[in-house]
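**Q**
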Amino acid sequence: MTEDEHIQRHLEICQRVYERLVAEGNWPWPDSPKSKDVIESDNPNSDL
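For the sequence shown, the residue numbers in the working numbering are 4 to 51.
#1: Do tyrosine 21 and tryptophan 30 come within 8 Å of each other at the CB atom, strictly closer than that value?
#2: Return the chain-ordered list of same chain residues with a C-beta closer than 8 Å to the C-beta of leucine 24, the five sequence neighbours on each side being excluded.
#3: Could you give the residue range of the alpha helix (DSSP H) that holds glutamate 22?
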């Protein structure tokens with residue numbers, strides 16, 4: 004398995020987990036920040 008294939012597989016698994024959590028009503032988590040409280044970065048490549 005190439006690195007790209009490995010990353011793609013990982014992302015597919017993450018997507019399925021997310022979709023399952025949404026379908027079960029478990030996403031977002033109760034302690035997740037509200038979207039209006041989240042700050043967007045002008046530079047997503049910068050280190051936080």
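Ideal placement from N, C-alpha and C gives every residue a C-beta, glycine not left out.
This structure is a prediction, so every number in the text was calculated from the model and none was measured.
**A** Looking at the atomic coordinates:
#1: Judged by their CB atoms, tryptophan 30 and tyrosine 21 are nearer to each other than the 8 Å cut-off.
#2: The answer, listed in chain order, is Trp30.
#3: Boundaries of the alpha helix (DSSP H) harbouring glutamate 22: 6-26, taken from the DSSP string.
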